[in-house]
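Here the sequence shown stands for residues 6 to 463, numbered as in this note's numbering.
We put the beta carbon where it would ideally sit given N, CA and C, even for glycine.
Keep in mind the model is a prediction, meaning the values are calculated, not measured.
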Amino acid sequence: MTAVPMSGGTEVGTFRADAERDASAGPPSEAGTFRAGGAEPVGAPGPSSGRPVRRAEAVDWGRARCLARDVPPLAVVSRPLGEALGPALARPLAALTDLPPFDSSAMDGWAVAGAGPWRLRGRGVLAGAQPPPLGDGDAVPIATGARLPSGAGAVLRREHGEVDSRNGMLFDRTVGPGPLAPGRDIRPRGQESRAGDVLLAAGTSVTPAVLGLAAAAGYDRLAVHRRPVVELLVLGDELLESGLPRDGRVRDALGPLLPHWLSGQGGADVTGRRLVSDAFRPLYEALRDATADVVVTTGSTAAGPVDFLHEALARLGARLLVDSVAVRPGHPMLLAELPPRADGRPRRLVGLPGNPLAAVAGAVTLAVPLLRRLGGHPDAEPIRTPCAAALPGHPKDTRLLPVRRVGGEVAPLPFDGPAMLRGLAVADGLAVVPPGGAAAGGVVEVLPVPLPGPCPAP
């Protein structure tokens, strides 16, 4: 399929048949909607008549990310704490009780009432026990975290106390006779929060610490947004899944890379990953039958002899939102709405270029913002970092450049070509370099790369 520039004034993302359309094909389709160039019935899929398809001009990089975010979050679901890690809170997390729920000891030692020296009472108070009250001048051994007996006004640390074996009296060997400061080494009830206080805002990612806080606040389940489900289709007959490159074929680098990236940065569940051959019918059928919230494809986004993605989307009746972005590498990327599933749930597609670094550029431009918004995560604040050295840019387009931090600044890395991963493999992030480049000492936004962590196997 040959691509030609869209004439001026046409909305970004519109596909229309060429001016040579047969009269039998009917009027042009609506703006933003694909339509096949010929009149073949949908029941007999195949490449269209081969007429050129007009394309929109490349979308600005920032505008493309905004378009990717222009989706509502997925449905709210209730998950037990043990299954809630990763999604975003759908509602604010409010404390169901005071934290701590009672006055407790912050140290191992003795709970004391009144001024010392104190008479020792009881065998000690352990965490989880209900202690008896203390009278004035009494003390009882107490463990860290144990509930403070009523009447106690302070805790004497074990290293500060001394018991006289002759009479069983407890002394404070640091200051001598007299009272301790009220509340000393006590965690007062409600010190962290009171019942009803908002602990975390909606949209907060559920991390291990959030799970612990929710449990402490009295929760057994959390209301979270459903994690978006992604199916990854890696296109290309030249790709091998194992062994050394051979016979003109190369290893698939994106199949191992992208699931972790989409999970770690986008918060997605990547439940399917498969190779699809360079032919129209397998690609058409894979897109038609996909049930994931988002289908991510690699390759076939340009206009080469076996690039059938646009044709397949046209035959499916998909709606194109972004077709090419003014960014290097990765400019032939796309974002589309697929026809909904049988249950009415929407489906979306992110088409990434086939070159590895270009595909990563497409992922951070379109896939990650889309997935984060579907999962209910708010936009992260941009990370802006000074440049330790000049960052080379493209004359007209934004450039995403692998960089490494050096003393609080970022420096460019070699091996940054669209088909390379060597620079990215040691990068701390991708610098968003404006057209023309960034000078040493200038400040650029840096997109993070995923940290090591588990990724569910598809």
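Distance, residue j Cα to residue i Cα
i	j	result
residue 424	residue 321	30 angstroms
residue 345	residue 351	4 angstroms
residue 237	residue 244	15 angstroms
residue 59	residue 216	Low local confidence applies: a pLDDT of 44 at residue 59 is under 50, so the model's placement there is unreliable, and no value is given.
residue 358	residue 370	12 angstroms
residue 446	residue 385	24 angstroms
residue 120	residue 105	26 angstroms
residue 410	residue 416	6 angstroms
residue 402	residue 437	11 angstroms
residue 173	residue 99	47 angstroms
residue 259	residue 111	51 angstroms
residue 199	residue 85	24 angstroms
residue 323	residue 343	5 angstroms
residue 319	residue 330	20 angstroms
residue 132	residue 82	35 angstroms
residue 325	residue 295	17 angstroms
residue 360	residue 250	16 angstroms
residue 45	residue 427	Only weak support is given to the placement of residue 45: the predicted model assigns it a pLDDT of 36, under 50, and the value that follows is read from those uncertain coordinates. Going by the C-alpha atoms only, they are around 46 angstroms apart.
residue 144	residue 219	34 angstroms
Residue i, DSSP secondary structure in three states
i	result
residue 391	strand
residue 330	strand
residue 285	helix
residue 268	helix
residue 296	coil
residue 67	helix
residue 352	strand
residue 244	strand
residue 262	helix
residue 146	strand
residue 24	Note on residue 24: pLDDT 28, under 50, position unreliable in the model; the coordinate value appears next. Of the three classes helix, strand and coil, the one that applies to residue 24 here is coil, per DSSP.
According to DSSP, residues forming a beta bridge with residue i
i	result
residue 274	234
residue 406	436
residue 414	411
residue 303	239, 357
residue 84	227
residue 180	Answer is none; residue 180 lacks a bridge partner.
residue 453	434
Opening and closing residue of the beta strand (DSSP E) in which residue i lies
i	result
residue 213	Premise fails: residue 213 lies in the alpha helix (DSSP H), 213-221, not in any beta strand (DSSP E).
residue 320	That residue, residue 320, is in no beta strand (DSSP E); its alpha helix (DSSP H) goes 314-321.
residue 343	339-343
Unbroken alpha helix (DSSP H) run spanning residue i, endpoints
i	result
residue 166	Residue 166 -> not in any alpha helix (DSSP H); beta strand (DSSP E) instead, spanning 166-168.
residue 428	427-430
residue 375	373-379
Min CB distance residue i to chain C below 8 angstroms
i	result
residue 359	Given the protein chain composition of this structure (a single chain), no chain C is represented.
Q. Would you say the stretch 91-108 touches the stretch 198-208, given that touching needs at least three Cβ pairs under 8 angstroms?
A. yes
Q. Below 8 angstroms, can you find three or more Cβ-Cβ pairs linking the stretch 140-153 to the stretch 121-128?
A. yes
**Q.** Cβ pair count under 8 angstroms reaching 3, the stretch 324-344 against the stretch 363-382
**A.** yes
Q. Are at least three pairs of beta-carbons, each pair with one atom in the stretch 220-232 and one in the stretch 115-123, less than 8 angstroms apart?
A. No, they do not touch.
Q: Could you tell me whether the stretch 157-164 touches the stretch 187-194, where touching means 3 or more Cβ pairs closer than 8 angstroms?
A: yes
Q: Would you check if the stretch 301-321 and the stretch 274-288 touch, i.e. whether three or more CB-CB distances between them fall below 8 angstroms?
A: yes
Q.
Does the stretch 280-293 come into contact with the stretch 263-272, if we say contact requires no fewer than three beta-carbon pairs (one atom in each stretch) closer than 8 angstroms?
A. no
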